Amino acid sequence: MIPSTLLSLLPNLITLARLLAVPLMVYVLLEQSFIFAFWLFLAAGISDALDGLIAKQCGAVTEIGAYLDPIADKALLVSVYVTLGHLGVIEPWLVILIVSRDLMIVGGAILFQTLTQSLKMEPLWISKANTAFQIVLALVVLGKTGFGITEPWITETLTWVVAATTILSGGAYIYKWGLRALDMEGDL
Numbered sequence: 257m258i259p260s261t262l263l264s265l266l267p268n269l270i271t272l273a274r275l276l277a278v279p280l281m282v283y284v285l286l287e288q289s290f291i292f293a294f295w296l297f298l299a300a301g302i303s304d305a306l307d308g309l310i311a312k313q314c315g316a317v318t319e320i321g322a323y324l325d326p327i328a329d330k331a332l333l334v335s336v337y338v339t340l341g342h343l344g345v346i347e348p349w350l351v352i353l354i355v356s357r358d359l360m361i362v363g364g365a366i367l368f369q370t371l372t373q374s375l376k377m378e379p380l381w382i383s384k385a386n387t388a389f390q391i392v393l394a395l396v397v398l399g400k401t402g403f404g405i406t407e408p409w410i411t412e413t414l415t416w417v418v419a420a421t422t423i424l425s426g427g428a429y430i431y432k433w434g435l436r437a438l439d440m441e442g443d444l
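In this text, residue positions in the sequence shown follow the working numbering: the first is 257, and each later residue adds one.
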């Protein structure tokens, strides 16, 4: 049986492991070890679901976990997409779109926290969907490249789904934070 102290730390330890896997993932991709990269990224994707599930089921949701999880997600996904874009495996326009959206979200969060001192990490459903589609697309691309699986229509469809959810997610955050900013301006 797992001691309760360790169980309460487990979700954050899983998230931290995902964050620490980022340099290894980039290295493996640059070495073009796509099969290993596939399995490593799959493990990271599973850990993303697992840490949240354990935290909720065991009552181990923490404030640091609420911040650490999206940081780990963004670090992993942006690193993987930038590296795959560099290798010519993913369309450059999609990499630019994903990185721009994430920079906008991180910049907006920093600005909001600086101005209000009241940032709460509340991922939107469209953002969660976008993350899931980004994970699936990266897995499909790694599977295609590593194992020689070729179904171009799947990759193309997922590329457009990721693009659409990236735009919708970015727009939703701009709208949400814009409303909060207008609400705050009304309080002045």
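Built from N, CA and C at the ideal position, the CB exists for glycine as well. Computed from a predicted structure; not experimentally measured.
Review point. Closest to T318 by CA distance: which of L265, T370 and A293 is it?
Key: Measuring from the Cα of T318, the nearest candidate turns out to be L265.
Review point. Comparing alpha-carbon positions, which option in Q313, S383 and K432 lies nearest L375?
Key: That would be K432, whose Cα lies nearest to the Cα of L375.
Check your understanding: What distance in whole Å lies between the Cβ atoms of G315 and T271, which are believed to be in contact at a cut-off of 8 Å?
Key -> About 17 Å separates the two Cβ atoms, so there is no contact after all.
Exercise for review: Look at T422 and L353 and say whether their C-beta atoms are less than 7 Å apart.
Suggested key: Against a cut-off of 7 Å, the Cβ pair of L353 and T422 comes out as a contact.
Review point. How many angstroms separate the CA atom of W381 from the CA atom of P348?
Key: Cα to Cα, W381 sits roughly 26 Å from P348.
Point to revise | Cβ contact check for the region 285 to 295 and the region 334 to 342: 3 or more pairs under 8 Å | key: Contact between the region 285 to 295 and the region 334 to 342 is present, with at least three C-beta pairs closer than 8 Å.
Practice item. Taking the CB atoms as reference points, tell me whether F297 and G399 lie closer together than 7 Å. Key: No. Outside cutoff.
Check your understanding: Buried or exposed: where does P267 fall if 16 or more other Cβ atoms within 10 Å of its Cβ makes it buried?
Key -> Counting the other Cβ atoms within 10 Å of the Cβ of P267 gives 16 or more, which makes it buried.
Review point. Taking the alpha-carbon positions, what's the F292 to L414 distance?
Key: Rounded to whole angstroms, the gap between the alpha carbons of F292 and L414 is 22 Å.
Practice item. Compute the Euclidean distance between the alpha carbons of L340 and E378, then round it to the nearest angstrom. Key: Cα-Cα distance, rounded: 29 Å.
Review point. Is DSSP giving M377 helix, strand or coil here?
Key: Coil, per DSSP.
Practice item. Taking S289 as part of the alpha helix (DSSP H), name the residues at either end of that continuous run. Key: For S289, there is no enclosing alpha helix (DSSP H), as DSSP marks it with neither H nor E.
Check your understanding: Beta-carbon separation of A331 and L275 under 7 Å?
Key -> Yes. Within cutoff.
Practice item. Could you check the C-alpha separation between V397 and N386 for me, to the nearest Å? Key: Each residue's Cα considered, the two are about 16 Å apart.
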